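All remarks here apply to the structure that follows.
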Amino acid sequence: LPRSRRSDLAGLSRASLLVVMAYLLFCGGNRWLAERALAREAAALGSPPSFSYVFPEPLGPHRWRGVLRHADTYRLYLIHSLTGEAEKRGEVKSRLEDQAVQAARASPLGIRLERFFKAPVWEVSKPASPVEVRARDLRFSSLVLGREPVFVFSFRVTPGGQVREER
12 LPRSRRSDLA GLSRASLLVV MAYLLFCGGN RWLAERALAR EAAALGSPPS FSYVFPEPLG
72 PHRWRGVLRH ADTYRLYLIH SLTGEAEKRG EVKSRLEDQA VQAARASPLG IRLERFFKAP
132 VWEVSKPASP VEVRARDLRF SSLVLGREPV FVFSFRVTPG GQVREER
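Start counting at 1 in the sequence shown, then tack on 11, and there's your number in the working numbering.
Next up, the structure:
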C-alpha cells in the first residue's frame with residue numbers, strides 16, 4: 012500500500028478503536044445503573060435477597076434483566092438503565108424441595124448444570140411416572156424477545172429415584 016493509504020488506514024483504525032472503547036464504557040455504565048436500580052428494588056422488598064444479578068437483554072445496552080432470589084423464588088425485572096425504571100415482569104419458582112428434582116440435581120449432568128448455571132430453575136412436570144424434571148438458566152431467558160427458553164435440559168425420574176438424562 013502507498014504511504015498515504017497506510018496513514019489513512021492507521022487513522023481509521025485509531026478512530027474505530029476509540030468508538031469501540033466508548034461503546035464498552037457506555038455498556039459498563041449502563042450495567043452499573045441497572046445494578047443500582049435492582050438494588051433499590053431489593054431494598055424495597057425488605058429482606059435481602061440470597062441472589063441478585065443483572066443480565067444483558069438483546070437489542071440494546073440500555074435494557075437489562077434483573078433477577079432477585081428469595082428462598083426458592085426468583086423475581087424478574089426488566090430494567091431500563093437510562094431511566095432507572097425497574098419493571099417487575101413476574102416470578103419463577105424453582106422446585107428444589109421436590110424429591111425428583113433432588114435426584115436430577117445429584118446426577119452427573121445435574122451436577123455439571125448446577126456448576127454452570129448462574130440462576131438455575133428446576134421445574135417438575137405434572138405428576139406422572141416417570142416424572143419429568145426440567146432445568147434452565149434465567150441467564151438465557153429474554154424478557155424482551157418473549158420466546159421460550161433456548162437451553163432446557165430434561166430428566167426422567169422413576170419413582171425409585173433412577174434418573175435418565177434427556178437433552
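All residues carry an ideal CB built from backbone N, CA and C; glycine is no exception.
Being a predicted model, the structure only gives us computed values, none of them experimental.
Judging by CA-CA distance, which residue of the options is the nearest neighbour of residue i?
i: residue 104; options: 89, 78, 85; result: 85
i: residue 102; options: 111, 82, 121, 95; result: 82
i: residue 92; options: 61, 106, 68, 17; result: 68
i: residue 60; options: 130, 173, 96; result: 130
i: residue 158; options: 165, 149, 111; result: 149
i: residue 56; options: 35, 30, 99; result: 99
Whose C-beta lies closer than 8 Å to the C-beta of residue i among residues of the same chain, with five residues either side of it excluded?
i: residue 22; result: none
i: residue 65; result: 42, 45, 46, 49, 75, 76, 77, 78, 90
i: residue 140; result: 169, 170
i: residue 133; result: 105, 106, 107, 109, 112, 115, 116, 144, 145, 146
Pull the bridge partners of residue i from the DSSP assignment, please.
i: residue 1; result: Past the edges of the chain, shown from 12 to 178, lies residue 1, and the structure says nothing about it.
i: residue 94; result: DSSP output for residue 94 lists no bridge partner at all.
i: residue 85; result: 80, 103
i: residue 131; result: 148
i: residue 16; result: According to DSSP, which records beta bridges pairwise, residue 16 is partnered with nothing at all.
i: residue 155; result: None; residue 155 has no bridge partner.
i: residue 165; result: 145, 177
i: residue 74; result: 91
Grab me the residues of residue i's own chain with a C-beta within less than 6 Å of its C-beta, minus the 5 sequence neighbours each way, in chain order.
i: residue 72; result: 38, 41
i: residue 109; result: 135
i: residue 19; result: none
i: residue 1; result: Nothing can be reported for residue 1: it is not among the residues displayed for the chain, which extend from 12 to 178.
i: residue 62; result: 80
i: residue 163; result: 145, 147
i: residue 174; result: 114, 115, 118, 166, 168
Report all residues from its chain with a CB closer than 7 Å to the CB of residue i; omit the five preceding and five following residues, and keep chain order.
i: residue 70; result: 155
i: residue 172; result: 114
i: residue 160; result: 147, 151, 152
Quick one: any contact between the segment 144-154 and the segment 69-88, if contact means 3 or more CB pairs under 8 Å?
-> yes
Worksheet item: Taking one C-beta from the segment 49-63 and one from the segment 108-118 each time, how about it: are there three or more such pairs within less than 8 Å?
Response: Counting Cβ pairs under 8 Å, fewer than three are found: no touch.
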